[in-house]
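Worksheet: the structure to be examined is printed underneath.
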Amino acid sequence: MTHLLHLSASPRGAASESLAIAETFVDTYTERHPEDTVDTWDLWDGTLPAFGPAAVGAKMAVFAGADPQGEEAAAWRAARAAFDRFDAADRLLFSVPMWNGGIPYVLKQFIDVVSQPGMVFGVDPVEGYTHLFAGRGKRAAVVYTSAVWGPALGPEFGTDFQSPYLEDWLTWTGITDISEIRFHPTLTGDAAEVRAKAHAVARDVAATF
Ligand SMILES: Cc1cc2nc3c(=O)[nH]c(=O)nc-3n(C[C@H](O)[C@H](O)[C@H](O)COP(=O)(O)O)c2cc1C
122 MTHLLHLSAS PRGAASESLA IAETFVDTYT ERHPEDTVDT WDLWDGTLPA FGPAAVGAKM
182 AVFAGADPQG EEAAAWRAAR AAFDRFDAAD RLLFSVPMWN GGIPYVLKQF IDVVSQPGMV
242 FGVDPVEGYT HLFAGRGKRA AVVYTSAVWG PALGPEFGTD FQSPYLEDWL TWTGITDISE
302 IRFHPTLTGD AAEVRAKAHA VARDVAATF
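Quick note on the numbering used here: the sequence shown kicks off at 122 and runs consecutively.
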């Protein structure tokens, strides 16, 4: 049985374009794979642990080959639990609004929580990083939305640090099978038409995901 995890980075609920597109994706996916399991993680629901002083102390202890102690151990357990929920998925769906050219901070928080040595990556002083999801058959689909920036516009409408960053991070984990679903109506585009196309792409990608 395959397990799909939808990680949702928009706090806009029923108003969210990326969530609506992701819901279209999940509807098609569950029609095609009724036996599969689906988990939705609203990254704004308060369950994502912080990655502050205790967690950073734990990470540095682990890097140094030590066992985190006390509150650092608790922070490390919380990061491990978040990682385990992430790692349980064979299929990952991200809904990702553009915020100030990049990704919403809650998604960066998620990345900082789960990107741990021995979980997502290893590192060799000579060879560099190893990518611990490589060869595990994981696939990702990402819904990217923005309102001002668009791929056909010049830099006066902003610069895209949203998809290059997320794609680089996914690739770094070892996930290289990545599909994109985009909604970038821009301020002068026909939002209804662009929206209909994005939902159609979501159905197409989900059908073979
Ligand atoms: C905090 C914030 C920052 C934003 N920054 C940008 C931006 O830099 N470029 C852009 O094109 N749109 C920006 N937007 C617009 C959103 O990307 C757009 O409304 C998108 O549809 C949001 O996705 P959602 O509807 O799933 O929440 C921003 C919106 C918010 C709330």
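By construction, the Cβ of each residue, glycine as well, lies at the ideal position given by its N, Cα and C atoms.
As the structure is a computational prediction, the values presented were derived from the model and not from experiment.
Residues in the same chain with beta-carbon distance under 8 angstroms from residue i, minus the five sequence neighbours each way, listed in chain order, please.
i    : result
F184 : P238
V326 : F146, A262, S300 and I302
D163 : S129
Classify residue i as helix, strand or coil using the three-state DSSP reduction.
i    : result
V234 : helix
P276 : helix
G134 : helix
A268 : coil
V247 : coil
L128 : strand
V263 : strand
Distance check for residue j and residue i, CA to CA, integer angstroms please.
i    : j    : result
A210 : K229 : 19 angstroms
D205 : A317 : 35 angstroms
K259 : D298 : 7 angstroms
A187 : A175 : 14 angstroms
L274 : M219 : 15 angstroms
Y286 : G223 : 8 angstroms
Quick one: residues in its chain with C-beta nearer than 7 angstroms to the C-beta of residue i, no 5 flanking neighbours on either side, listed in chain order?
i    : result
A391 : There is no way to answer for residue 391, as the model of the chain reaches only from 122 to 330.
G191 : none
I232 : W290
What residues in its chain sit with their C-beta under 6 angstroms from that of residue i, if we drop five residues either side in the sequence?
i    : result
H305 : S267 and G271
Margin query: Using only Cβ atoms and a threshold of 6 angstroms, which residues come within that distance of a heavy atom of ligand 1? Order them by chain position.
Written below: S131, R133, S137, E138, S139, L140, P218, M219, W220, N221, G222, T266, S267, A268, V269, W270 and G279
Checklist line | Contiguous beta strand (DSSP E) assignments of at least 3 residues, all confined to the segment 158-215 | finding: 158-163
Notebook entry, point to check: In chain order, which continuous runs of the beta strand (DSSP E) of length 3 or greater are located wholly inside the segment 291-325?
Noted result: 299-304
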